[in-house]
Structure formats: C-alpha cells, structure tokens
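Undergrad: Following this message is one structure expressed as structure tokens.
There are 2 protein chains.
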Amino acid sequence: MRQSTYFAPTMRDMPADADVKSHQLMLRAGYMRQVAAGVYAYLPLAKRVIHKIEAIVREELDRTGAQEMTMPALHPAELWQQSGRWTEMGDELIRLKDRHGRDFVLSPTHEEVVTMLIRDGIASYKKLPLNVYQIQTKFRDERRPRFGLLRGREFVMKDGYSFHDTEESLAEAYQEMYDAYGRIFTRLGLTFRPVIADSGAMGGKDTHEFMALAEVGEDTIAYSDASDYAANLEMATSLAPTPVTPTVSGTLEKKPTPNARTVDEAATQLGLASEDILKALVVVADDALVMLLLRGNDELNEVKAAHELGVKHLRMATEREVRDTFGAEPGSLGPIGNGEVPVYADHATRAMTTIACGANETGYHYINVSPDKDYTVQAYKDFRLVQAGDQSPDGQGTLQFARGIEIGQVFKLGTRYSETLQAQFLDENGKAKPFYMGCYGIGVTRVLAAVIEQHNDDNGIVWPKAVAPFAVHLLCLNVKNEAQKQLAEEVYAQLQAANIEVLYDDRAERAGVKFKDADLIGMPVRIAIGKRADEQIVEVKERHTGAQHDISVEQLIDWVKDYLK
Amino acid sequence: MRQSTYFAPTMRDMPADADVKSHQLMLRAGYMRQVAAGVYAYLPLAKRVIHKIEAIVREELDRTGAQEMTMPALHPAELWQQSGRWTEMGDELIRLKDRHGRDFVLSPTHEEVVTMLIRDGIASYKKLPLNVYQIQTKFRDERRPRFGLLRGREFVMKDGYSFHDTEESLAEAYQEMYDAYGRIFTRLGLTFRPVIADSGAMGGKDTHEFMALAEVGEDTIAYSDASDYAANLEMATSLAPTPVTPTVSGTLEKKPTPNARTVDEAATQLGLASEDILKALVVVADDALVMLLLRGNDELNEVKAAHELGVKHLRMATEREVRDTFGAEPGSLGPIGNGEVPVYADHATRAMTTIACGANETGYHYINVSPDKDYTVQAYKDFRLVQAGDQSPDGQGTLQFARGIEIGQVFKLGTRYSETLQAQFLDENGKAKPFYMGCYGIGVTRVLAAVIEQHNDDNGIVWPKAVAPFAVHLLCLNVKNEAQKQLAEEVYAQLQAANIEVLYDDRAERAGVKFKDADLIGMPVRIAIGKRADEQIVEVKERHTGAQHDISVEQLIDWVKDYLK
Numbered sequence: 001m002r003q004s005t006y007f008a009p010t011m012r013d014m015p016a017d018a019d020v021k022s023h024q025l026m027l028r029a030g031y032m033r034q035v036a037a038g039v040y041a042y043l044p045l046a047k048r049v050i051h052k053i054e055a056i057v058r059e060e061l062d063r064t065g066a067q068e069m070t071m072p073a074l075h076p077a078e079l080w081q082q083s084g085r086w087t088e089m090g091d092e093l094i095r096l097k098d099r100h101g102r103d104f105v106l107s108p109t110h111e112e113v114v115t116m117l118i119r120d121g122i123a124s125y126k127k128l129p130l131n132v133y134q135i136q137t138k139f140r141d142e143r144r145p146r147f148g149l150l151r152g153r154e155f156v157m158k159d160g161y162s163f164h165d166t167e168e169s170l171a172e173a174y175q176e177m178y179d180a181y182g183r184i185f186t187r188l189g190l191t192f193r194p195v196i197a198d199s200g201a202m203g204g205k206d207t208h209e210f211m212a213l214a215e216v217g218e219d220t221i222a223y224s225d226a227s228d229y230a231a232n233l234e235m236a237t238s239l240a241p242t243p244v245t246p247t248v249s250g251t252l253e254k255k256p257t258p259n260a261r262t263v264d265e266a267a268t269q270l271g272l273a274s275e276d277i278l279k280a281l282v283v284v285a286d287d288a289l290v291m292l293l294l295r296g297n298d299e300l301n302e303v304k305a306a307h308e309l310g311v312k313h314l315r316m317a318t319e320r321e322v323r324d325t326f327g328a329e330p331g332s333l334g335p336i337g338n339g340e341v342p343v344y345a346d347h348a349t350r351a352m353t354t355i356a357c358g359a360n361e362t363g364y365h366y367i368n369v370s371p372d373k374d375y376t377v378q379a380y381k382d383f384r385l386v387q388a389g390d391q392s393p394d395g396q397g398t399l400q401f402a403r404g405i406e407i408g409q410v411f412k413l414g415t416r417y418s419e420t421l422q423a424q425f426l427d428e429n430g431k432a433k434p435f436y437m438g439c440y441g442i443g444v445t446r447v448l449a450a451v452i453e454q455h456n457d458d459n460g461i462v463w464p465k466a467v468a469p470f471a472v473h474l475l476c477l478n479v480k481n482e483a484q485k486q487l488a489e490e491v492y493a494q495l496q497a498a499n500i501e502v503l504y505d506d507r508a509e510r511a512g513v514k515f516k517d518a519d520l521i522g523m524p525v526r527i528a529i530g531k532r533a534d535e536q537i538v539e540v541k542e543r544h545t546g547a548q549h550d551i552s553v554e555q556l557i558d559w560v561k562d563y564l565k
Numbered sequence: 001m002r003q004s005t006y007f008a009p010t011m012r013d014m015p016a017d018a019d020v021k022s023h024q025l026m027l028r029a030g031y032m033r034q035v036a037a038g039v040y041a042y043l044p045l046a047k048r049v050i051h052k053i054e055a056i057v058r059e060e061l062d063r064t065g066a067q068e069m070t071m072p073a074l075h076p077a078e079l080w081q082q083s084g085r086w087t088e089m090g091d092e093l094i095r096l097k098d099r100h101g102r103d104f105v106l107s108p109t110h111e112e113v114v115t116m117l118i119r120d121g122i123a124s125y126k127k128l129p130l131n132v133y134q135i136q137t138k139f140r141d142e143r144r145p146r147f148g149l150l151r152g153r154e155f156v157m158k159d160g161y162s163f164h165d166t167e168e169s170l171a172e173a174y175q176e177m178y179d180a181y182g183r184i185f186t187r188l189g190l191t192f193r194p195v196i197a198d199s200g201a202m203g204g205k206d207t208h209e210f211m212a213l214a215e216v217g218e219d220t221i222a223y224s225d226a227s228d229y230a231a232n233l234e235m236a237t238s239l240a241p242t243p244v245t246p247t248v249s250g251t252l253e254k255k256p257t258p259n260a261r262t263v264d265e266a267a268t269q270l271g272l273a274s275e276d277i278l279k280a281l282v283v284v285a286d287d288a289l290v291m292l293l294l295r296g297n298d299e300l301n302e303v304k305a306a307h308e309l310g311v312k313h314l315r316m317a318t319e320r321e322v323r324d325t326f327g328a329e330p331g332s333l334g335p336i337g338n339g340e341v342p343v344y345a346d347h348a349t350r351a352m353t354t355i356a357c358g359a360n361e362t363g364y365h366y367i368n369v370s371p372d373k374d375y376t377v378q379a380y381k382d383f384r385l386v387q388a389g390d391q392s393p394d395g396q397g398t399l400q401f402a403r404g405i406e407i408g409q410v411f412k413l414g415t416r417y418s419e420t421l422q423a424q425f426l427d428e429n430g431k432a433k434p435f436y437m438g439c440y441g442i443g444v445t446r447v448l449a450a451v452i453e454q455h456n457d458d459n460g461i462v463w464p465k466a467v468a469p470f471a472v473h474l475l476c477l478n479v480k481n482e483a484q485k486q487l488a489e490e491v492y493a494q495l496q497a498a499n500i501e502v503l504y505d506d507r508a509e510r511a512g513v514k515f516k517d518a519d520l521i522g523m524p525v526r527i528a529i530g531k532r533a534d535e536q537i538v539e540v541k542e543r544h545t546g547a548q549h550d551i552s553v554e555q556l557i558d559w560v561k562d563y564l565k
C-alpha cells in the first residue's frame with residue numbers, strides 16, 4: 001500500500017482530550033478519529049489490526065467447535081422486559097422507538113436474543129451442548145465515556161453463549177473457553193491474568209475476567225508472586241492468619257474516648273495500635289441490620305461480605321440507622337451489649353493479641369476485651385479487603401497488586417436466562433428442563449487499545465508481529481533521487497510478490513519526517529532505502545529492539561521472512 | 001462440522017409470513033430467524049455465506065486500491081442537520097437520544113461522517129484520489145419491512161466513498177467501481193444488469209444500479225434484447241420515432257365530447273384511435289404550471305419529465321389548480337388557447353398522423369389539428385414511459401421489461417456533501433476547492449437473498465459453488481450400521497484433511513429425512529454413505545444438475561476437488 005494515498009492522517013501535536021497512551025497514539029498515528037464522545041471511526045490502519053484480532057479469535061473459537069452467527073443490534077423491548085434487564089440496566093441501555101412507536105433496545109449484549117433463538121430452535125438434549133458466538137458492534141451509553149477505546153459507547157465485542165443439559169457439561173465448556181481465551185490473548189501478544197471476578201448483577205455463578213496488565217487499567221487485581229492465583233480486588237482473599245488467644249492484662253474496662261470517630265482516633269486516645277481495635281461496621285444486608293467486625297487496620301470488602309452472608313444487596317447503614325438502633329455514634333460501636341443485631345467477624349480478628357472495641361455509648365470504648373467471653377459472633381468469615389503482602393490463599397507466595405484492563409470474561413450463567421425466558425429442552429426421559437448457560441466475551445476494540453498500552457515507547461507504537469497492520473514499513477528516503485526511487489519500487493514489488501504486507505512511504509517528505517512517522521505508526525520492520533541505494537544496500541531496523549542492519553537487497557526478502565516467523 | 005450439534009434448525013412446514021422464495025427457504029433450511037419485523041438473526045449457515053460474499057467483495061475492492069475502514073453506527077444529529085438529511089429522510093431515519101438528551105442518528109448511510117473525516121484528515125490534492133469503504137450494519141426504519149432480507153430494517157451493506165480533485169478523476173473511479181461491481185456479482189453467481197438509474201434525492205449526477213434479475217424484484221427495468229442498454233423504468237428512453245407531417249383532412253373544428261374525462265372516452269366519441277389524441281397533462285414544476293403533451297396511448301414518466309425540464313420537484317397539478325387556470329376539466333385540455341402556460345411535447349407526438357386535442361372548454365375537443373400552425377411548443381422532449389417493444393435508444397434491438405432486485409449502486413455525488421459540510425482541499429495553486437465525491441454500495445445481505453432467488457428449485461436452495469456454506473454435505477444414511485458409520489467418519493476425516501468444507505450429517509435420522517434436508521440446505525455436492533459402504537462405494541449427487549455417480553472412496557477426494565474447481 002502506497003502511503004502517498006493511504007488514509008492515515010497523522011497529527012504532530014498531542015491531542016488535547018486524550019489522556020491515555022493508546023488513545024493518544026491511535027489519534028496521533030492516524031488509526032482512529034472521534035465522531036462523538038465515546039464513538040470512533042476506525043481508519044484503515046486500525047481496521048487491519050481489527051481484522052487480525054478477529055481472525056485469531058475466530059481461529060481459536062472454531063477449533064473448539066463453536067459456531068459463528070450474527071444476531072441483530074435492534075431488539076424488541078419485550079424480551080428485555082421479560083428478562084428484567086429493561087429496568088435493571090438503567091441509563092446504560094440505549095432505547096429507541098420505531099416509526100410505529102414500538103420500543104427497542106440497541107443492544108449491549110445478547111443473552112435475551114440468543115436464549116430466545118435456542119428456545120425456539122433446540123428441543124432436545126441430543127442437540128446439546130451447543131456453543132455459538134458472534135463478533136459484533138455493541139452499544140452502551142456510558143455515563144462518562146473515556147480513555148478512547150477502553151470505555152466507549154460503541155465498540156466491537158466477541159460474545160459467545162453455550163447451552164447445556166447439565167452443570168457438568170457447562171463446566172466443561174467453561175474450561176474450554178477459559179483455555180481458548182488464554183491461547184487467544186497469548187497469540188495477541190498480551191501480558192494478562194485470568195482473575196476470579198464477581199458474578200454480581202449478571203446473576204450467575206463462577207466467572208473469570210481476563211485482565212491485560214496496564215497502569216491505566218480501571219481495575220485493581222491481587223495476584224500471588226509465586227503461584228497463578230489472581231483475583232479482582234473485590235473478590236481477592238488471603239490465607240486466614242492462625243488464631244491466637246489474646247493477652248488480656250486486666251479486666252474488661254470502659255474508657256472514655258471523647259470525639260473519637262475513627263479507629264485511629266480511638267487507638268491514640270487508648271494508647272493502643274489501630275490493629276488492636278475491633279472495627280465494628282453496621283451494614284444492611286437484604287433489609288436486615290448486621291454488625292461486621294474487622295481488625296482495626298483492615299477495610300471492608302462489601303462484595304465479599306455480601307457473598308459470605310449469602311445476600312443479594314448489601315450497603316453500609318446510614319448514621320441515622322446506627323443511632324436509632326444502638327443509641328451511639330458509628331465511631332463507638334462494638335459487639336458487647338449491642339442488642340439483637342447479629343455479629344459476624346472477619347478471620348483476621350482472631351489473630352489480634354490485644355482487643356479494644358466501642359462500647360455502644362458515644363465517646364466510650366472497652367479495653368481488655370476477651371472474645372467468646374465478652375462477646376460471641378455468629379461466625380467467622382472472610383470479608384476484609386486484602387492488602388499487598390498478605391499471604392496468597394493457596395499458601396504460595398504473597399499477594400501483589402496490579403492494575404488491569406478487562407479484555408475478556410467467561411461466565412457461568414446457570415439458568416438465570418433460560419428460566420426467565422422459559423427456554424427448555426427435553427431430557428433423556430422426555431422431561432422439560434431449563435438450559436444451563438454460559439457466556440463468554442472478548443472486547444475486540446478494547447484488545448486493540450490494550451495491545452498498544454502494553455506495546456509502545458516514547459516514539460510511538462511497537463506492534464507485536466501477530467497484529468501489526470503491516471509487517472514492513474518501506475521508506476524511500478528521497479523520492480527525488482532516481483536510484484533510491486527505483487530501488488524502493490523494486491523492493492516494494494519484491495515484498496508484495498513474497499506476500500509480505502508492506503506500507504510503502506513514497507511521499508515527498510523529508511527523511512526525518514518519514515523516520516518519525518514510521519516509529520509512531522509502529523510496524524515491526526522498517527526498511528529504509530537511502531544513500532547506499534546504488535550499492536543495493538538497504539537499512540533495516542527492528543522496531544522492537546531498535547537493532548539496525550545494513551542488508552543487501554539480494555538477502556532482504558529472506559531476512560524479512562525469517563524475522564517474521 | 002457435525003450436523004448433530006450444528007445450529008441449523010430446519011422447519012417442516014412453510015412459514016406463514018414469508019412470501020418470497022429466499023425468505024421461505026432461509027427460514028425452512030435454518031439459515032435465519034426473525035427477531036423483530038425486518039430484523040433477523042443470521043444463523044451459522046447464513047453466516048458462512050455472508051463471510052464468502054464479504055471476502056469476494058473485499059478482494060475485488062482491495063484490487064482497486066480501495067481502503068477498508070469502519071465508521072460508527074451512531075452519528076451526532078448535528079452532522080445530519082448540516083447536510084439537510086435530518087429532515088429530508090423523514091421517518092426512515094432512526095433517531096435516538098443519549099442519556100444526556102443529545103440527538104443521535106442510527107445510520108443508514110455514511111456520506112456525512114466520511115465527508116467530515118476526509119475534511120479533517122486530507123488537506124491537499126496530493127493525497128487524492130482516495131477511495132475508502134466499509135462493510136457494516138445499517139439501519140433504516142422501513143414503513144413496511146417485507147420479503148425477508150430484501151427489505152429489512154437492519155441489514156449489512158458495503159458502502160464506499162471516493163474523493164477527487166477533478167470531475168475526470170471521479171469519472172475514472174466511477175468506471176473502476178462499475179467494473180469491480182461487475183466482477184463481484186459475476187463471481188457471486190448472479191445474473192444481473194447494470195442499469196441507468198435516477199440520481200433523485202441523493203442530489204448527484206450519473207448513477208447506475210446493479211439489478212439481479214428476479215421475478216420478486218420490486219423494480220422494473222427496461223433492457224434491449226440486442227445490446228447492453230438497460231435502465232430503470234423511470235429512466236428508460238427509447239429511440240424517438242421519425243417525425244411525420246400529419247394528414248389534416250379538413251379545417252380545425254371544435255367537436256362536443258360530453259363527459260369525456262379520459263383520452264379513450266374522447267377518442268370513442270370522436271371516432272378516432274387513442275393514439276390520435278394529444279394527451280395534455282398539467283404539472284407543477286418547481287412551483288410553475290407546465291403543460292405536457294403526450295401521444296394519447298403513452299404515459300407520463302414524471303422522473304424523466306423533471307430531468308428534461310431541469311427542475312427538482314415535479315408533481316401533477318390538482319384538479320382545482322387545473323380548473324382555476326384553464327377554466328376547464330382536466331379531460332378537456334389542450335395546447336390551443338391555453339393562455340400563458342408553457343407547453344412541452346414528447347417526441348412521440350411528432351409521429352402522430354392524425355391529431356385531436358382538448359379545447360380547454362369542458363366537453364369539447366378540436367379535430368383536424370396541425371402542429372406548428374394551430375399550436376406551438378417550447379420544445380420537444382422525452383418524457384414518456386417506455387413500452388415493451390419500443391426501439392432501444394442505441395438503435396440496437398427492442399426494449400423488453402424485467403423485474404430486478406437492486407443489489408448495488410454506483411453514484412457520482414459531485415460536490416453535494418463537500419459543499420454543505422464545507423469539505424475542501426487545496427489544489428496545485430493553493431486554492432481551496434470542494435472535493436468531488438462518488439459513493440458505491442452493495443447490499444450484502446440482500447445479495448444473499450438474491451442469490452437464493454436465482455438459485456433454487458422445488459426441493460430447496462441450489463448454491464453456486466463460490467458462496468455455498470459448505471462445499472460438501474456428507475450423509476451417513478444409517479448411523480446404526482457399523483460399516484456405514486465407520487466409512488462416513490473416514491470420509492469426513494479425509495475431506496477435512498483435504499481442506500474441503502464439509503457438513504456431516506451424523507444425526508440419528510431416517511435416510512429420507514437426510515436426503516430432504518440436504519436438498520433443502522443446498523450444498524453443491526452431496527455424498528451419501530449407504531448400502532455399498534462395505535464395497536467402499538459412495539453415492540455422489542451434484543445438487544445443480546441432479547446427476548448421480550457411484551464413486552469409490554479411493555477416487556472420491558480427487559473427484560470432489562475436480563468438481564469444485
């Protein structure tokens with residue numbers, strides 16, 4: 001492809017409104033342009049990368065026997081009302097009316113439609129398991145679209161859905177997809193971690209998110225430095241410490257802690273460390289008040305707490321709810337004399353060697369507290385937010401934190417959609433049963449951005465070979481020099497004949513501009529035809545390492561083929 | 001692919017609401033399902049065909065140097081307001097508001113967005129010509145979605161746009177796209193005609209539509225039986241007849257024609273043939289009244305009349321407008337004594353040997369009319385609707401009528417969009433000029449339906465090899481027979497190893513069901529493993545001709561390869 005008439009408008013200046021690297025680079029290097037907030041046009045260079053990402057995704061999914069189809073973007077509202085998501089999804093769901101006033105959804109995902117299709121198309125367990133997928137444009141009205149392709153309102157997703165007669169069959173497909181995703185992201189040149197994630201609002205069970213590690217990631221993950229354990233912060237656990245019996249140096253005693261509204265303030269007034277104070281938090285778990293105890297220097301993980309308590313909704317109680325129930329301010333609560341409110345304690349509280357706690361009387365704490373004797377709990381659970389340095393729950397290594405971009409997710413939906421949409425099959429005994437379902441997503445355009453986040457330097461993008469728009473960037477440094485021009489055309493023809501994808505900079509620009517643009521655009525191999533053209537020598541630069549080689553034209557194609565292998 | 005777990009739910013009964021063959025067959029054979037009126041899911045079989053259509057489209061466009069990109073479906077309303085189409089497109093344009101209340105368009109086409117991108121990305125004539133395209137889902141809120149994929153509300157289009165510094169450059173690209181389209185539709189196995197079409201509301205100049213010939217087509221085309229002349233009925237012309245001097249057997253005379261409201265009624269009362277009467281029609285051409293004269297047995301072609309008169313809008317005058325101006329009913333109008341209203345006559349009126357016409361007095365006609373003497377016209381023009389049997393305008397053959405499905409269109413937009421959206425480049429002299437633009441569309445999903453309309457028989461679809469979902473349909477007639485089962489598995493493995501796409505019917509169904517389904521689904525080659533399995537003999541049937549062959553397994557792969565060439 002000749003760059004002189006290629007539509008890749010580069011920008012000299014840093015785009016003002018782009019605050020992450022991938023967004024900046026894709027704008028500067030002419031890969032994309034914004035059409036509206038969170039809505040982009042993918043220019044020819046980006047389109048080539050997207051094709052390659054899609055091809056890898058298709059290849060690995062087809063290997064598993066998954067079948068590609070395409071479902072529409074317009075869905076009748078009735079389906080979403082039936083599943084309950086018409087209301088659940090709120091403002092993120094783009095709605096519209098057709099000319100007859102009928103309500104439609106511009107779809108962000110396809111559980112409803114695929115469940116309807118399978119319900120109407122598959123009657124018997126004999127056709128199961130079934131795994132279908134599509135690569136398709138999705139719409140989501142983000143409140144604050146940002147970071148370019150990382151959080152847009154129109155984006156490309158691979159979404160897949162599997163249907164099963166048993167939970168075991170679902171578990172097999174889940175594992176198969178998990179493995180396929182690993183292969184896909186590896187081939188795409190990404191550094192990633194599959195992490196345990198929260199099934200939350202989707203209403204399913206097991207789920208893993210695939211996280212590309214990157215500073216700009218919006219999610220924090222905790223991972224072991226010595227095993228493959230990794231989880232989203234909201235789901236991360238650590239090894240529970242060995243319980244100890246606290247040293248109680250005196251009798252239970254109430255001490256004034258005037259105006260102590262935090263654990264730290266109380267600790268200071270009591271002459272103790274924060275970790276010696278029981279942090280008592282009151283939450284509303286599915287409408288019931290519950291007191292949760294944490295070690296003073298720990299934080300509550302609400303997601304884990306909801307899971308551990310087995311409730312759907314969990315929120316912090318308001319100050320008013322606290323005062324009405326305990327007759328004390330939130331800073332003075334504790335498990336002793338707290339009325340009928342059930343108490344749960346985090347495992348880490350069992351490792352406390354000294355214990356003080358609020359007295360349920362504003363401005364007072366108890367010291368010399370003995371668990372079991374002075375207070376009892378319903379159960380010890382895991383609801384603390386893990387901290388860097390905690391022991392990994394598998395006992396191997398300690399936890400570290402990293403930021404990640406969610407590029408994929410595998411999810412056991414169970415019967416959430418087949419039940420609400422009455423999708424049933426007949427089992428071996430002719431009995432109607434709801435399908436077990438899994439769903440599997442990859443953010444195709446988000447992957448594009450994530451690859452750039454992981455593969456760039458100060459000069460521009462550094463494409464991995466597998467997804468580079470072109471393998472080779474051929475520069476004719478001075479198009480007015482006859483020898484250079486002729487050799488460049490010759491090399492261009494040779495590369496094309498060898499089926500090597502090449503972008504040919506045949507523009508009437510200065511050499512410096514061409515070198516700068518080549519680095520910015522980021523092809524793996526740069527071939528510059530310059531002063532040594534009359535000797536049939538070209539200069540080859542590896543974008544990845546920066547290594548440069550003078551190579552004779554005769555050996556060039558072999559060198560390139562070899563390098564690209 | 002094993003059919004036992006392939007998602008292609010066939011239907012035994014004719015679907016009730018499908019009234020064209022392609023729609024019926026795609027539903028019955030499990031290629032697609034409706035999700036809402038005019039909105040479909042493409043199941044795995046159809047998806048395979050779509051991939052093949054797209055690959056052919058890409059290959060031929062890439063050959064011309066056109067560059068693929070992807071523009072978004074969501075467009076800010078401002079762009080469409082600027083181009084004027086926000087109002088022009090009326091109810092067909094799907095509109096929506098985002099969470100902040102901003103207006104968006106769900107796009108049916110991309111002239112606005114691409115013009116904006118090129119405006120902002122291309123500054124100089126040096127980067128021209130430029131030809132970009134995308135293959136993308138489009139949305140159009142059809143008043144009456146029907147005929148399955150032929151008139152849907154969500155469909156896949158290839159749309160392309162070219163940008164030029166001169167009209168000549170545009171003409172070159174237009175011809176290049178015209179030729180590429182011919183290659184594409186030929187490779188897709190379609191019988192088609194490029195026809196001269198009306199540029200109408202798109203506001204451009206030259207345009208050709210590519211019509212797949214089919215009875216269900218919504219458009220009528222007129223074509224020569226002896227040349228490649230073809231045009232939409234609304235644009236078709238014929239050779240103007242040689243002018244004659246009418247025989248006038250007496251003097252101009254006014255005759256009563258009471259209650260004659262049509263040419264035929266007047267002719268009967270006057271004892272003349274309809275073709276002897278001047279049909280005088282009054283139209284409103286850009287707000288001015290104009291009288292048009294046709295031979296009595298001809299019909300007005302309003303599109304041609306507007307073009308010939310050089311006006312943008314043309315409509316029939318109302319009866320009231322006629323009465324107010326002429327003081328007579330529409331059935332009694334003529335060019336004699338018609339006041340100040342300008343008169344244009346169709347060429348065919350010059351071939352009339354006897355002429356009568358309305359007297360502009362209700363219930364009266366003139367006979368013995370001499371043109372030039374009794375009335376004059378501003379000019380003779382071509383605005384009659386052609387009739388089958390007319391001479392082709394190129395003088396070769398006569399016109400025939402056929403029905404067609406519009407599968408593609410090439411269009412010279414000129415500067416319609418670059419002017420309204422202020423898209424300019426600098427020419428060689430540094431002068432700012434609006435881009436000349438062309439646009440080029442192919443209805444990908446409509447092509448899918450058109451291929452089926454042209455390739456089916458009473459038993460089902462008969463795919464052309466180039467776009468068949470699978471090349472081979474392999475049937476194991478009795479999966480309980482060990483020899484058959486074993487041979488079928490062997491042949492399946494051999495076909496896969498030879499890279500031949502194969503759908504393998506391994507279902508526990510009767511042979512009759514399998515044969516019926518194979519015909520319905522329509523793969524080019526059917527291989528049945530049956531009674532002669534123990535002799536290593538299989539039965540091969542060519543779907544296209546119905547020819548059957550007993551072939552030894554040893555020779556099978558070579559036979560298939562050879563047949564598919």
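In order, the protein sequence lines correspond to chains A and B.
The numbers in the first sequence follow the UniProt record's numbering, run straight up by one, and end at 565.
The numbers in the second sequence follow the UniProt record's numbering, run straight up by one, and end at 565.
Ideal Cβ positions, reconstructed from N, Cα and C, are used throughout, including at glycine.
What you are looking at is a predicted structure, and each value in this text was computed from that prediction instead of being measured.
Indicate the three-state DSSP secondary structure (helix, strand or coil) for A/ILE500 in the structure shown.
TA: coil
Undergrad: Using a Cβ-Cβ distance cut-off of 9 Å, determine whether B/GLY441 contacts chain A.
TA: no
Undergrad: Counting only beta-carbon atoms, is B/ASP13 nearer than 9 Å to chain A?
TA: Cβ-Cβ to chain A under 9 Å: no for B/ASP13.
Undergrad: Classify B/VAL420 as helix, strand or coil using the three-state DSSP reduction.
TA: Position check: residue 420 of chain B holds Thr in this sequence, whereas Val was assumed. B/THR420: helix per DSSP, three-state reduction.
Undergrad: Measure from the C-beta of A/SER552 to each C-beta in chain B and report whether the shortest distance is under 9 Å.
TA: no
Undergrad: Spell out a yes or no on whether the segment 468 to 476 of chain B and the segment 532 to 542 of chain A are touching, meaning 3 or more CB-CB pairs, one atom from each, closer than 8 Å.
TA: Between the segment 468 to 476 of chain B and the segment 532 to 542 of chain A there are fewer than three inter-stretch CB-CB distances shorter than 8 Å, so the stretches are not counted as touching.
Undergrad: For B/SER249, collect the residues of the same chain with a Cβ closer than 7 Å to its Cβ; drop the 5 residues on either side in sequence, then sort them by chain order.
TA: ASN368
Undergrad: Can you tell me the Cα-Cα spacing of B/GLU172 and B/ARG119, whole angstroms?
TA: 21 Å
Undergrad: Any chance the segment 30 to 45 of chain A sits against the segment 65 to 73 of chain B, with 3 or more Cβ pairs inside 8 Å?
TA: Contact between the segment 30 to 45 of chain A and the segment 65 to 73 of chain B is present, with at least three C-beta pairs closer than 8 Å.
Undergrad: Is there at least one Cβ from chain A nearer than 9 Å to B/ILE53's Cβ?
TA: no
Undergrad: Just to confirm, is the Cβ distance from residue 568 of chain A to A/MET32 under 9 Å?
TA: This structure does not reach residue 568 of chain A, given that chain A is present from 1 up to 565, and the question cannot be answered.
Undergrad: Show which residues of chain A have a CB atom less than 9 Å away from the CB atom of B/ILE122.
TA: PHE7, PRO9
Undergrad: How many Å lie between B/ALA226 and B/ARG446 at the Cα?
TA: 29 Å
Undergrad: Scan the segment 55 to 79 of chain A for residues whose Cβ lies nearer than 8 Å to a Cβ of chain B and list them as they occur along the chain.
TA: GLY65, GLN67, GLU68, MET69, THR70, MET71, PRO72, ALA73, LEU74, HIS75, PRO76
Undergrad: Please list the partners that A/LEU27 has in chain B, where partner means a Cβ-to-Cβ separation under 7 Å.
TA: In chain order: nothing, as chain B lies at least about 11 Å away.
Undergrad: With DSSP as the reference, label B/ASP519 as helix, strand or coil.
TA: helix
Undergrad: In chain order, what residues of the same chain have a beta carbon less than 6 Å from the beta carbon of A/ASP505, not counting five sequence neighbours either side?
TA: GLN3, LEU475, LYS514
Undergrad: Examine chain B for any beta-carbon lying closer than 9 Å to the beta-carbon of A/SER4, and answer yes or no.
TA: yes
Undergrad: Comparing C-alpha positions only, which one of B/GLY337, B/ALA351, B/GLN391, B/GLU340 sits nearest to B/VAL244?
TA: Residue B/ALA351 is the option with its Cα nearest to B/VAL244.
Undergrad: What separation, rounded to the nearest whole angstrom, lies between the Cα atoms of B/GLY327 and B/ASN360?
TA: 7 Å
Undergrad: Kindly indicate if chain B contains any beta-carbon less than 9 Å away from that of A/ALA18.
TA: Any Cβ of chain B closer than 9 Å to the Cβ of A/ALA18 would place that residue at the interface, and such an atom is absent.
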